[in-house]
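Numbering (the working numbering), first residue to last: 2 to 259.
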């Protein structure tokens, strides 16, 4: 909390700190903050975290403030899409061979900082090679703002808000998606090998039933816990442009902290 106040004073003196407090009093009276806590928009037991969140929402050098409910909704959607794309079969394939671009990769590249994007690609590759299966995320259960920060560096002033959420998931066996070159190779191989005997229908049915049974045995349910930070430069005018900066995933056999 002291760091937050120090950053505000350093950027605009006690005058700016006074302006921030005025906006807090006007836009975040105690009953409203209590309601945000009750509704789970803000979820923390630490008073200093609540103060950092509110001061971050009010720190812009104008009368505008960050709508925390709107931010929570946007963050929930962004994390849901990011996790779905991260663990998609197409992203797993891209991370392993990198030969053909995919929509999942383009989404993550646009939603994350360059550093986080590179770390996520590396993580997706490790997941694919681990043979632990594809994580299939369900709908986010809980998503709440847990911290906030205002700071200034050589690139200018910046705000960031951190959210914590949980996503139930099912893990299914990983099967590499067939690319165009894979399909061409398979067709050519099948055409050249005319002497291979076809498996009988009975044998095929047995193999398929066994594969389904093994897939069900390997499927695992769990809950993915996520802590994500979104940041945006403070523009001289216009809206904030949020980007996913940091991501911590736990609840699996491994974890990624980027």
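Using N, Cα and C, we set each Cβ at its ideal position, and we do this for glycine too.
C-alpha distance - residue i paired with residue j, whole-angstrom precision
i, j, result
"residue 13", "residue 22", "13 Å"
"residue 56", "residue 134", "43 Å"
"residue 7", "residue 79", "31 Å"
"residue 235", "residue 173", "42 Å"
"residue 17", "residue 27", "15 Å"
"residue 52", "residue 111", "31 Å"
"residue 2", "residue 38", "19 Å"
"residue 253", "residue 105", "21 Å"
"residue 153", "residue 242", "16 Å"
"residue 247", "residue 113", "8 Å"
"residue 215", "residue 63", "At residue 215, the pLDDT of 45 sits below 50, so the modelled position is not reliable; the number obtained from the coordinates is stated separately. For residue 215 and residue 63, the distance between alpha carbons rounds to 60 Å."
"residue 25", "residue 59", "6 Å"
"residue 119", "residue 130", "17 Å"
"residue 20", "residue 40", "28 Å"
"residue 91", "residue 107", "11 Å"
"residue 121", "residue 93", "11 Å"
Closest Cα partner of residue i within the set the options
i, options, result
"residue 66", "238, 245, 252", "238"
"residue 158", "3, 84, 9", "9"
"residue 29", "40, 68, 41, 129", "68"
"residue 42", "20, 24, 77", "77"
"residue 46", "240, 148, 233", "148"
"residue 84", "136, 223, 34", "136"
"residue 99", "115, 126, 89", "126"
Whole-number beta carbon distance between residue j and residue i, since they are thought to touch under 8 Å
i, j, result
"residue 227", "residue 250", "6 Å"
"residue 1", "residue 87", "For the chain, the structure presents residues 2 to 259; residue 1 sits outside this window and is missing."
"residue 162", "residue 95", "That belief does not hold up - the Cβ atoms of residue 162 and residue 95 are roughly 30 Å apart, past 8 Å."
"residue 138", "residue 225", "7 Å"
"residue 44", "residue 145", "3 Å"
"residue 81", "residue 143", "Residue 81 to residue 143, Cβ: 12 Å. No contact."
"residue 5", "residue 150", "7 Å"
"residue 160", "residue 233", "6 Å"
"residue 223", "residue 170", "6 Å"
Strand pairing of residue i, partner residues [DSSP]
i, result
"residue 170", "138, 223"
"residue 43", "146"
"residue 241", "BP columns for residue 241 are empty, so no partner."
"residue 251", "226"
Every unbroken beta strand (DSSP E) inside the stretch 76–163 [3 residues or more] | 135–138, 143–154
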